[in-house]
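Written out below as structure tokens is the structure these notes cover.
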DNA sequence: CGCGCAGTTGACGTGCTTCAACCGCCGTGG
DNA sequence: CCACGGCGGTTGAAGCACGTCAACTGCGCG
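Here it is, written out as structure tokens:
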């Protein structure tokens, strides 16, 4: 049983929980809010929205009305090139917010698609903004999360300076760290994205990703079986990643 | 006389102007605020801080107390690799905010250094946060700016998928668009950063940057004389950039 | 005037891409 | 139940874009 699947199971069985009972509480928007404030936030959140595998959360060009908190599952964000190929800009795991890039224009500039059966909390942005000015803690947390996103994206910019091995190591490190923060094993990882999607995100050819995975396995750094990864030598992954992993 | 130098001249002579009289008003934080609110913002901003060429605005690891609005000049943000080389994550032009990535941790994760004689407005973050909860328009604008930064960083992530020509074209397009938004020529650009810095930002070797510039000139797309660029065929630059430029 | 650094240009090596074939898992239908 | 097709993934061979090394230029500054 892999990390992400576990997350799914827990969340599917707890769809009705309020923020205060959510196991993602300390990663998500409501962090730091007290009872009353939390209930007010609760009241504007539309919970329990399931998103089927391969279903869109929103598409590039859509008007931005809400942002979304991933409750279970995982998503990819991407734009399309002129010739119609996906350019993946990021992956979202439980506890993370999706759609923050659309606030400035009011329109989504990327498309978000579920990699597996997922659930999100939908947060109407207008109401969130109103509430933020009333609840200082909420405002702070929202700014924190956006700042984290900026920091994460900037560390992703550094990818373009790295070799294929370093890129893949960074990617695995980032996932490991994020899983760990969610209380799951950082050693055993189940990838919910395909090699093509990883390659697109890292700016590499699929074949290169495949080859580097094979090399990692040969060198005893990790065992790789299709989408099941087991990290054997975390230190080495850390080193390869340039000792500057992004933990979001 | 180039774009950036012009900005300098204007701003150096208008250091005492309040936000409402600042020529960067419509790009910067105070956008959309009314008289009273604007004055309150004015009251917390520490203006007139000059930053000499090559001086640090802050360094990685410093505690984050303020964010900074570029008033004139330009800055580079970077981290250092293990072997001490700069990894440039971005450049900041007048009207842009620096230091937003530090909000989540309270510590700057990158270093910011002036590329030329520059001026910034220092905005104490704690006071800004307080004020934001009182002034809804300020909160909105802060969120907008951070969202814009996220969108820009994500478009920079796409660089890693592009060829050297595409990367440089994207870079030039981004600068051109940003200059245009500031009321300067988008055709004639004076680069305040070195080839080494451009190369670092784009994830290329200096020699490659130099060669691609030469090729652009040969092909009549732009004239290049050291740091003076004149775009001859804007459409072609646009095309090369993948018709998906980042205007921040 | 001359040193030094920024930038350019050339020759060569290589890491990644591209093209192509192949493998193995999984779902479907006979 | 097995045969078959298709997709995701792996592996090999060859080409090329970019990096590296090195030499050279020219502008700026003391």
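Protein chains in written order, with my numbering: chain A, 1032 to 1279; chain B, 1032 to 1279.
Yeah, the Cβ is synthetic: ideal placement off N, Cα and C, and Gly gets one too.
Since we're looking at a predicted model, the values are computed, not measured.
Quiz prompt | DSSP state of residue 1125 (chain A) mapped onto helix, strand, coil | solution = DSSP places residue 1125 (chain A) in coil when its eight states are reduced to three.
Quiz item: Would you call residue 1116 (chain A) buried or exposed, if buried means 16 or more other Cβ atoms sit within 10 Å of its Cβ?
Solution: Burial call: exposed.
Quiz prompt | Contact set between residue 1184 (chain B) and chain A, taken where Cβ atoms lie within less than 7 Å | solution = Listed along chain A are 1181, 1184, 1185 and 1188, each with a C-beta nearer than 7 Å to that of residue 1184 (chain B).
Exercise. Enumerate in chain order the residues of its own chain whose CB-to-CB distance from residue 1258 (chain A) is below 7 Å, with the five nearest sequence positions on each side excluded.
Key: Exclusion of the five residues before and after residue 1258 (chain A) leaves 1221 and 1222 as the residues of its chain whose Cβ lies within less than 7 Å of its Cβ.
Exercise. Starting from the beta carbon of residue 1175 (chain B), find every residue of chain A whose beta carbon is closer than 8 Å, and list them in chain order.
Key: The answer, in chain order, is 1134 and 1135.
Self-check item: Three-state class that DSSP yields for residue 1274 (chain A) in the structure shown
Solution: Confidence is the limiting factor: at residue 1274 (chain A) the pLDDT is only 45, short of 50, which leaves the residue's position unreliable and the question unanswerable from this model.
Quiz item: Using a Cβ-Cβ distance under 8 Å, would residue 1209 (chain B) count as near chain A?
Solution: The beta carbon of residue 1209 (chain B) sits no closer than 8 Å to any beta carbon of chain A.
Quiz item: Looking at the C-beta of residue 1266 (chain A), does it have a partner C-beta in chain B at a distance below 8 Å?
Solution: At a cut-off of 8 Å between C-beta atoms, residue 1266 (chain A) does not count as an interface residue with respect to chain B.
Quiz item: Can residue 1133 (chain A) and residue 1084 (chain A) be called in contact, C-beta distance under 8 Å?
Solution: Remark: C-beta atoms of residue 1133 (chain A) and residue 1084 (chain A) do not approach each other more closely than 8 Å.
Quiz item: Would you say residue 1112 (chain B) faces chain A, with C-beta separation under 8 Å as the test?
Solution: At least one C-beta of chain A is nearer than 8 Å to the C-beta of residue 1112 (chain B).
Quiz item: According to a CB-to-CB cut-off of less than 7 Å, which residues of the segment 1159–1170 of chain A neighbour chain B?
Solution: Those residues of the segment 1159–1170 of chain A that come within reach of chain B (Cβ to Cβ, closer than 7 Å) are 1160, 1163, 1164, 1167 and 1170.
Exercise. Take every Cβ of the segment 1141–1157 of chain B, pair it with every Cβ of the segment 1093–1100 of chain B, and state whether three or more of those distances are shorter than 8 Å.
Key: Result yes; three or more Cβ-Cβ pairs closer than 8 Å.
Practice problem: Decide if the segment 1172–1187 of chain B is in contact with the segment 1123–1139 of chain A; the criterion is three or more beta carbon pairs, one per stretch, under 8 Å apart. | Solution: Because the criterion of three Cβ pairs below 8 Å is met, the segment 1172–1187 of chain B and the segment 1123–1139 of chain A touch.
Practice problem: Would you mind sorting residue 1108 (chain B) into buried or exposed? The rule is 16 or more other CB atoms within 10 Å of its CB. | Solution: That one is buried.
Quiz item: Is there contact here, the segment 1232–1243 of chain A with the segment 1180–1196 of chain A, by at least three beta-carbon pairs under 8 Å?
Solution: A contact is defined here as three or more CB-CB pairs under 8 Å, and the segment 1232–1243 of chain A meets this definition with respect to the segment 1180–1196 of chain A.
Self-check item: Residue from B:1053, B:1105, B:1071 and B:1187 with nearest C-alpha to residue 1210 (chain B)
Solution: The shortest C-alpha separation from residue 1210 (chain B) is found at B:1105.
Quiz item: Whose C-beta lies closer than 7 Å to the C-beta of residue 1254 (chain B) among residues of the same chain, with five residues either side of it excluded?
Solution: Within the same chain, residue 1254 (chain B) has close Cβ partners 1248, 1261 and 1263.
Self-check item: Own chain, CB closer than 8 Å to residue 1075 (chain B), minus 5 neighbours either side, in chain order
Solution: The answer, listed in chain order, is 1154, 1155, 1158, 1159 and 1162.
Quiz item: Closest Cβ-Cβ distance between residue 1118 (chain A) and chain B: below 8 Å?
Solution: Contact of residue 1118 (chain A) with chain B is assigned, a C-beta pair being separated by under 8 Å.
Practice problem: Confirm, please, whether the CB-CB distance from residue 1172 (chain A) to residue 1164 (chain B) is below 8 Å. | Solution: Contact: no.
Quiz item: Taking the continuous alpha helix (DSSP H) assigned at residue 1208 (chain B), which residues delimit it?
Solution: Looking at the DSSP string, the run of the alpha helix (DSSP H) that includes residue 1208 (chain B) is 1195–1212.
Exercise. For residue 1049 (chain A), I'd like the list of residues in its chain whose CB is within less than 6 Å of its CB, leaving aside the five on either flank, ordered along the chain.
Key: Closer than 6 Å at Cβ, skipping near neighbours: 1073.
Self-check item: Per-residue burial, residue 1086 (chain A) [other beta carbons within 10 Å of its own, 16 or more giving buried]
Solution: By the neighbour-count definition (other C-beta atoms within 10 Å, threshold 16), residue 1086 (chain A) is an exposed residue.
Quiz item: With DSSP run on the structure shown, which of helix, strand or coil describes residue 1225 (chain A)?
Solution: Coil.
Self-check item: Cβ shell of residue 1201 (chain A) (< 6 Å), same chain only, five flanking positions each side left out
Solution: If we look at residue 1201 (chain A) and ignore the five residues flanking it on each side, its Cβ neighbours are 1272.
Exercise. Round the Cβ separation of residue 1266 (chain A) and residue 1188 (chain B) to the nearest angstrom and send it over; I've been treating them as touching at under 8 Å.
Key: Incorrect: roughly 27 Å between the Cβ atoms, too far for contact.
Quiz item: Can you list, in chain order, the residues of its chain whose CB lies under 6 Å from that of residue 1270 (chain A), leaving out five sequence neighbours each side?
Solution: Contacts found: none.
Quiz item: What in chain A is Cβ-close to residue 1192 (chain B), meaning under 8 Å?
Solution: Within chain A, the residues near residue 1192 (chain B) are 1118, 1231 and 1234.
Quiz item: Shortest alpha-carbon distance to residue 1090 (chain B) belongs to which of B:1230, B:1129, B:1166 and B:1240?
Solution: Ranking B:1230, B:1129, B:1166 and B:1240 by Cα distance to residue 1090 (chain B) puts B:1129 first.
Quiz item: Can you name the residues that DSSP bridges to residue 1054 (chain A)?
Solution: For residue 1054 (chain A), which the question treats as bridged, DSSP gives no partner whatsoever.
Exercise. Name the two residues that bound the continuous alpha helix (DSSP H) containing residue 1239 (chain B).
Key: In the DSSP assignment, residue 1239 (chain B) falls within the unbroken alpha helix (DSSP H) covering 1237–1249.
Quiz item: Do you know offhand how far residue 1067 (chain B)'s Cα is from residue 1168 (chain A)'s?
Solution: Those two C-alpha atoms are separated by around 25 Å.
Quiz prompt | Uninterrupted alpha helix (DSSP H) stretches inside the segment 1158–1193 of chain A (no shorter than 4 residues) | solution = Here the runs fully enclosed are 1167–1188.
Quiz item: Just curious, the beta strand (DSSP E) that residue 1262 (chain A) is in, first and last residue?
Solution: Counting along the chain, the beta strand (DSSP E) containing residue 1262 (chain A) begins and ends at 1259–1262.
Quiz item: If you drop the 5 nearest sequence neighbours on each side, which residues of the same chain put their C-beta closer than 8 Å to that of residue 1093 (chain B)?
Solution: These residues qualify, in order along the chain: 1138 and 1139.
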